[in-house]
Amino acid sequence: MDDKYRETHKRGMITRLRRIEGQIRGIQGMIEQDSTCEAVAQQVAAARRALDRAFYELIACTMEVEFESAGTVRAAKAAGAHVAKILAKYG
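Using our numbering, the first residue of the sequence shown is number 46, and each one after it goes up by one.
Quick look at the structure:
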C-alpha cells in the first residue's frame, strides 16, 4: 500500500470518526433535552451503523495489507486466517 493511498484512507477514517463523534454528541443533547426514547434509539442505531461501516473499512484495509504482503499461497492462507481471527474476535 503506497503512502498516498494510506494517507487517503487515514483522512477518510478520521473524517468518518469525527462525524460519528458528532452523532454521539447529538444523542447526548437529545437526552438532555428529554427527546423521546424512540428518537434517541433511532439516532443510536444510526451511530451504530456508522461505527459498523468504519469497522468493515478497517477490516478491508487489514485484508489489503495482509494479502499484499503475502508472497506465497501459504502466506496468503495465513493472512486469511489472521483476518478471520480478527473478525471472530471483534466482529
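Glycine included, each C-beta is placed from N, C-alpha and C at the ideal position.
Same chain, Cβ closer than 8 angstroms to residue i, neighbours up to 5 away in sequence not counted
i, result
"residue 120", "114"
"residue 75", "84, 85 and 88"
8 angstroms contact criterion, which residue i and residue j should meet: CB distance rounded
i, j, result
"residue 91", "residue 73", "Going by Cβ atoms, the distance from residue 91 to residue 73 rounds to 14 angstroms, so no, they are not a contact pair."
"residue 102", "residue 58", "7 angstroms"
"residue 128", "residue 108", "5 angstroms"
"residue 61", "residue 99", "5 angstroms"
Residue i, DSSP secondary structure in three states
i, result
"residue 136", "coil"
"residue 47", "coil"
Residues near residue i by beta carbon distance below 7 angstroms, same chain, minus five either side
i, result
"residue 71", "88"
Neighbour flag for residue i against chain C, beta carbons, 8 angstroms
i, result
"residue 106", "Given the protein chain composition of this structure (a single chain), no chain C is represented."
Close beta carbons around residue i, own chain, < 6 angstroms, minus the five adjacent residues each side
i, result
"residue 132", "none"
Complete alpha helix (DSSP H) runs within the stretch 75 to 121 (minimum length 4 residues, chain order):
Counting only runs that start and end inside the stretch 75 to 121, the alpha helix (DSSP H) elements of at least 4 residues fall at 82 to 114.
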